[in-house]
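Number of protein chains: 2
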Amino acid sequence: MNRQYTKMKALYHAVRDAIHDGNLVYGEKLPSTRELAASYHISRGTVNQVYDTLTAQGYLQSEHGRGTFVAYQADLSHEEYQVKSCTHHLSAWGNRIQQLEQQTAQQTAQARDHSKENSEVIDFSKYQPDLSKFPYDEWNNRLYAEIRHREENVIHASASVSSTGDPKLREAIAAYLRRMRGIHVDADHIAVTAGSMQAIALLTQLLADPGDHVVTESPCYVGISQAIMAAGAKLIEANLDGQGLVPQNWDARMLFVTPSRQFPTGEMLSLERRQTLLDWAHRRDAMIVEDDYDSEFRYRGMHVEPLKTLDKEGRVIYLGSFTKTLPFEVRLGYVVLPPTLADTFRKAQALYEPRPVNLIEQRALAAFMTSGQYERHLRRMNRLYSRKFHMLLKLLNQQLSTWFDWVENEAGLHVFGWWRGMPSAYEAFRASARSQGVHYSEVSSSTSDGIKVGIYLSFAHLSDAQIQEGVARLQKAVMD
Amino acid sequence: MNRQYTKMKALYHAVRDAIHDGNLVYGEKLPSTRELAASYHISRGTVNQVYDTLTAQGYLQSEHGRGTFVAYQADLSHEEYQVKSCTHHLSAWGNRIQQLEQQTAQQTAQARDHSKENSEVIDFSKYQPDLSKFPYDEWNNRLYAEIRHREENVIHASASVSSTGDPKLREAIAAYLRRMRGIHVDADHIAVTAGSMQAIALLTQLLADPGDHVVTESPCYVGISQAIMAAGAKLIEANLDGQGLVPQNWDARMLFVTPSRQFPTGEMLSLERRQTLLDWAHRRDAMIVEDDYDSEFRYRGMHVEPLKTLDKEGRVIYLGSFTKTLPFEVRLGYVVLPPTLADTFRKAQALYEPRPVNLIEQRALAAFMTSGQYERHLRRMNRLYSRKFHMLLKLLNQQLSTWFDWVENEAGLHVFGWWRGMPSAYEAFRASARSQGVHYSEVSSSTSDGIKVGIYLSFAHLSDAQIQEGVARLQKAVMD
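Next up, the structure:
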């Protein structure tokens with residue numbers, strides 16, 4: 001700011017601090033504006049502005065013809081609680097959020113741990129696409145175009161873009177779902193979300209009260225169990241048996257399920273069980289959330305049609321995501337809503353974000369999809385990942401089939417294996433793998449066969465050489 | 001996709017639909033792969049893939065040496081609920097969200113109404129900056145640079161960017177707050193949010209249980225009352241009396257307040273009352289959310305220091321926003337958190353968005369601020385808005401002071417006036433203003449003098465000529 005402003009600010013703070021510190025006391029008369037202007041080498045107008053501001057704030061009081069006086073009594077007793085910082089009373093929701101600490105802290109610690117270690121670590125635990133093959137030029141040009149044309153779009157945008165996302169992107173997603181997944185949906189019933197977590201958390205809040213039961217697969221994505229905990233609902237863990245989760249007549253409000261390819265075990269849910277789940281939802285007046293987290297990549301056979309395509313009643317909510325196919329910083333997902341829930345979801349989303357937060361990226365993605373660039377990219381990546389997948393699976397079956405039972409579902413960006421041996425032997429393997437410099441993800445789960453432990457290896461971001469080296473180290477670890 | 005894939009898909013659907021429709025019944029034997037390949041002019045391998053997929057999904061069953069059979073019993077009774085769409089059981093939160101309908105629908109209807117009308121309408125109801133003077137070239141170059149350098153940043157970003165935002169942007173905001181608002185805060189205690197609504201909604205959820213009392217000013221920003229309703233808390237409406245809200249010894253968990261310039265009346269909260277609010281929060285173990293929604297613009301005198309600067313205890317949460325200063329599509333705000341609440345807020349934000357959704361814009365803004373471009377832009381806009389503000393206020397005082405009592409707080413992007421006359425006369429004015437083609441925002445409020453109605457005029461986005469024409473129409477409307 002300019003010099004006059006700086007002087008004004010200095011004078012303001014000088015007077016204010018003097019009052020706060022008790023150097024100018026209640027009722028004391030201040031110098032006239034003329035005197036102060038002369039001693040501070042500033043204009044009388046500036047002094048007047050400072051006095052006016054301090055008067056408006058209640059520090060000073062002006063009495064016509066008598067001058068300006070201190071009107072504020074410094075309460076030095078407030079100092080007594082200066083140092084201590086209060087502990088806040090949190091809502092029940094706030095307390096539950098606070099208790100999510102352990103997991104989040106653990107994840108952070110692990111992430112930090114990774115970044116510290118040397119580049120020689122082979123890290124199968126990162127769930128990231130191979131960005132070295134991403135068509136950045138095409139994508140960047142879409143972004144640049146949206147930025148350049150922003151001004152033309154502003155009026156349109158300010159009038160019509162609701163929290164559920166850019167209309168063109170919702171149209172492009174609807175077309176993609178029709179063509180690639182067999183889901184026939186109106187763009188009005190699609191909401192664009194921040195990755196899939198926003199949808200998972202909002203849906204749980206909308207459908208489950210504290211104390212209600214919500215079913216998840218065991219094991220499942222940690223974000224789902226966090227959302228259920230945050231809502232105060234009770235988790236029912238459904239067992240897996242190789243054909244996906246085992247349906248039961250749960251007394252529950254909602255169910256999270258990954259039918260195309262169970263996360264993380266890779267099991268595919270049979271058609272019969274799909275129908276059983278729909279019947280259950282009908283009987284129980286419950287909702288099913290289908291998380292189709294990486295259906296873009298399949299290396300053999302048909303894409304499995306989503307559970308959503310069997311849903312006649314509007315009981316299935318379908319989640320998709322672009323986080324496995326677009327650059328790291330693009331946090332976009334979507335949810336296909338039953339028409340009766342679309343408006344309520346829109347309002348829930350609007351409570352936190354009345355307008356889309358990443359409109360430029362949403363529009364760039366709409367153009368990227370409509371032009372066919374997105375599907376071309378998927379096909380290219382499918383070939384690349386297929387090669388990596390088969391190489392990894394072959395190596396694992398050759399070198400590690402004695403210790404792990406690798407699931408042969410030919411899709412997605414990771415390979416899952418159940419530990420065949422004793423739990424105590426697994427502990428030794430884990431320690432040894434760490435020391436070999438190979439990281440992976442791990443789950444333990446109650447199955448129909450009791451507590452089992454499994455590991456999964458994300459391979460998309462690794463080179464062929466890294467994959468080979470990683471498996472070699474895992475083999476060394478079991479041999480230890 | 002390629003032709004082989006299209007044929008495979010066609011066959012898959014033909015078989016699947018035949019089973020669903022009952023044309024292929026349970027136990028029926030399917031043609032051999034050889035027969036089907038010949039009649040469909042496709043390879044046997046393709047037919048095998050289709051059979052494998054349908055088998056995996058449970059539609060078919062293969063018996064070694066005997067052939068392939070239908071394994072699925074089409075349950076045509078499911079058709080009975082095909083047409084009706086279920087009504088979903090919602091949580092208590094979901095029901096409250098659904099009840100927000102009226103307000104949201106109203107706002108949308110109004111927005112549509114605007115867009116339909118001809119361009120001759122003078123619209124004082126849009127709360128938008130004057131984007132015709134925005135330095136788009138500078139800003140776009142910052143965006144382009146972040147997009148180009150994304151690849152270098154990815155590793156760093158994926159390791160360390162938490163849900164609370166880009167570290168450089170949080171540093172830049174901390175520096176801005178120190179320099180311009182007198183708030184000394186560590187960047188770790190700042191969270192970048194989606195506008196200010198995300199902060200308002202999350203904080204209410206974190207601090208207020210259903211049934212708890214939360215104080216707001218009357219009138220206040222509609223988003224605040226929506227967040228309180230969504231949390232199931234009870235609203236206490238605090239009166240205004242020309243010096244901002246009148247403190248009382250409320251039995252409440254939290255208070256929302258706009259001390260610098262009450263929204264929308266423009267009243268400034270006196271220092272004495274600020275101290276009274278802090279004492280109240282101390283006594284009641286309550287939290288105060290200070291929404292500093294447009295403090296960037298002040299046309300005379302000093303910027304008023306925020307309530308936060310008086311907070312010794314960590315009871316004040318300070319909200320700021322960039323939506324009044326950056327282009328429409330940039331939805332960025334921030335919240336200054338007491339250290340004891342920072343971690344819990346981060347977890348609450350991460351539940352919905354584990355990573356920042358608009359990282360490129362966050363980084364562009366960090367560079368825009370650090371380089372001084374942001375403050376230069378603010379100074380330029382301050383001069384421009386100052387001229388518009390004084391012109392509007394002068395016109396209103398000349399032409400409409402008989403009917404409205406215009407508040408003279410010399411700051412912000414709107415001018416507020418209380419209606420001086422009878423409520424019935426106001427109804428006639430409102431109808432007349434509509435027919436004159438001039439829109440504005442309106443609030444009614446219980447004050448210490450009873451129910452009063454007021455209007456406010458946002459002027460930033462209007463040209464001088466539009467402002468003059470708008471006031472002329474308002475005058476015609478009162479003369480009617």
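Going down the list, the protein sequences come from chains A and B.
Here the first sequence stands for residues 1 to 480, numbered as in full-length UniProt numbering.
Here the second sequence stands for residues 1 to 480, numbered as in full-length UniProt numbering.
Heads up, the beta-carbon is just placed ideally off N, CA and C, and yes, glycines get one too.
Close partners of residue 331 (chain B) in chain A (Cβ separation under 9 Å): 353, 354, 355, 356, 357, 358, 359.
For residue 40 (chain B), no chain A residue has a Cβ inside 8 Å of its Cβ, as the nearest lies near 15 Å away. Excluding residues up to 5 positions away in sequence, 181, 182, 183 lie with their Cβ nearer than 8 Å to the Cβ of residue 309 (chain A) in the same chain. Taking residue 245 (chain A) as the centre and dropping the five residues before and after it, the same chain places the C-beta of 217, 238 closer than 6 Å to its C-beta, in chain order. For a cut-off of 8 Å, the C-beta gap from residue 454 (chain B) to residue 438 (chain B) is around 16 Å, too long to register as a contact. Taking CB atoms only, residue 53 (chain A) has a neighbour in chain B less than 7 Å away. Per DSSP, residue 369 (chain B) is one residue of the alpha helix (DSSP H) stretching across 359 to 370.
Contact check between the region 336 to 349 of chain A and the region 143 to 150 of chain A: fewer than three CB pairs, one atom from each, fall below 8 Å, which does not count as touching. By the C-beta density criterion, residue 222 (chain B) is exposed, having fewer than 16 other C-beta atoms within 10 angstroms. The beta-carbon of residue 262 (chain B) is placed no less than 7 Å from the nearest beta-carbon of chain A.
Just so you know, the alpha carbons of residue 226 (chain B) and residue 311 (chain A) end up roughly 34 Å apart. Straight-line measurement puts the Cα of residue 9 (chain B) at about 27 Å from the Cα of residue 460 (chain A). Contact annotation for residue 140 (chain B) against chain A: 147 [CB-CB distance below 7 Å, chain order]. Beyond the five residues adjoining it in sequence on each side, residue 67 (chain A) comes within less than 6 Å, by CB distance, of 29 in the same chain, given in chain order.
Between residue 270 (chain A) and chain B, the shortest Cβ-Cβ separation is below 7 Å.
C-alpha of residue 72 (chain A) to C-alpha of residue 235 (chain A): approximately 56 Å in a straight line.
Per DSSP, reduced to three states, the secondary structure at residue 278 (chain A) is helical.
By the neighbour-count criterion, in which 16 or more other beta carbons inside 10 Å mark a residue as buried, residue 427 (chain B) falls on the exposed side. The beta-bridge partner set that DSSP reports for residue 417 (chain A) consists of A:406, A:455. Residues of chain A whose Cβ lies closer than 7 Å to the Cβ of residue 226 (chain B) are, in chain order, 351. Annotated as proximal: residue 91 (chain A) and residue 208 (chain B), with beta-carbon spacing under 7 Å. Between residue 143 (chain B) and chain A, the shortest Cβ-Cβ separation is below 7 Å. In this structure residue 363 (chain B) is in contact with residue 166 (chain B), their Cβ atoms being roughly 5 Å apart against a cut-off of 8 Å. Taken through DSSP and simplified to helix, strand or coil, residue 325 (chain B) comes out as coil. Residue 214 (chain A) is bridged by DSSP to A:235, A:254. Residue nearest to residue 275 (chain A) within the set A:126, A:247, A:261, A:25 is A:247 (criterion: CA-CA distance). Just so you know, the alpha carbons of residue 62 (chain B) and residue 358 (chain A) end up roughly 49 Å apart. The beta carbon of residue 288 (chain B) sits no closer than 7 Å to any beta carbon of chain A.
For the region 384 to 399 of chain A, the beta-carbon criterion of a distance under 7 Å to any beta-carbon of chain B is satisfied by none of its residues.
Distance from the CA atom of residue 193 (chain A) to the CA atom of residue 36 (chain B), rounded to whole angstroms, is 43 Å. Taken through DSSP and simplified to helix, strand or coil, residue 190 (chain A) comes out as strand. With the criterion set as a beta carbon lying under 8 Å from some beta carbon of chain A, the region 444 to 471 of chain B has no members that meet it. Chain B places a beta carbon closer than 7 Å to that of residue 91 (chain A), counting this residue as a contact.
The straight-line gap separating the alpha-carbon atoms of residue 435 (chain A) and residue 476 (chain A) is approximately 10 Å.
Residue 234 (chain A) has a beta carbon lying at 7 Å or more from every beta carbon in chain B. CA-CA distance, residue 242 (chain A) to residue 350 (chain A), rounds to 40 Å.
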